[in-house]
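Reviewing the structure listed below.
In UniProt numbering, the protein residues as written are 1 to 93.
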């Protein structure tokens, strides 16, 4: 399945944050499981992704959020969650 623009951006950030040298952002299937799936990501990688999300998108993913399993289910799910919760960057003026 093809990635949306938001998913492409997020995939690039994930590849960069986790130093996934053998994976290009376009290779991440938006519907494939992020954790324990073809990428081989684990809970430590999820923490790294959460840190990247807070830096890039302006809100925090909490480790005790009961929705984490669904939020991190796939690139598509994470991207959708980010789009719903991201902070609009402040404009310099």
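Glycine included, every Cβ here is placed at the ideal spot set by N, Cα and C.
Of 75, 62, 82, the smallest CA-CA separation from residue 15 is found for 75.
Bridge partners of residue 25 according to DSSP: none are assigned.
Between residue 39 and residue 23, the beta carbon gap of about 7 angstroms places them in contact (Cβ cut-off 8 angstroms).
Counting of Cβ neighbours within 10 angstroms places residue 63 among the exposed residues, the total staying below 16. For residue 2, no alpha helix (DSSP H) run applies, since DSSP gives it neither H nor E. Straight-line measurement puts the Cα of residue 56 at about 10 angstroms from the Cα of residue 82.
For residue 68, the enclosing alpha helix (DSSP H) starts and ends at 68-71. In this structure, 72 is the residue among 80, 85, 72, 84 with its C-alpha nearest to the C-alpha of residue 49. Here the alpha carbons of residue 43 and residue 20 stand approximately 16 angstroms from one another.
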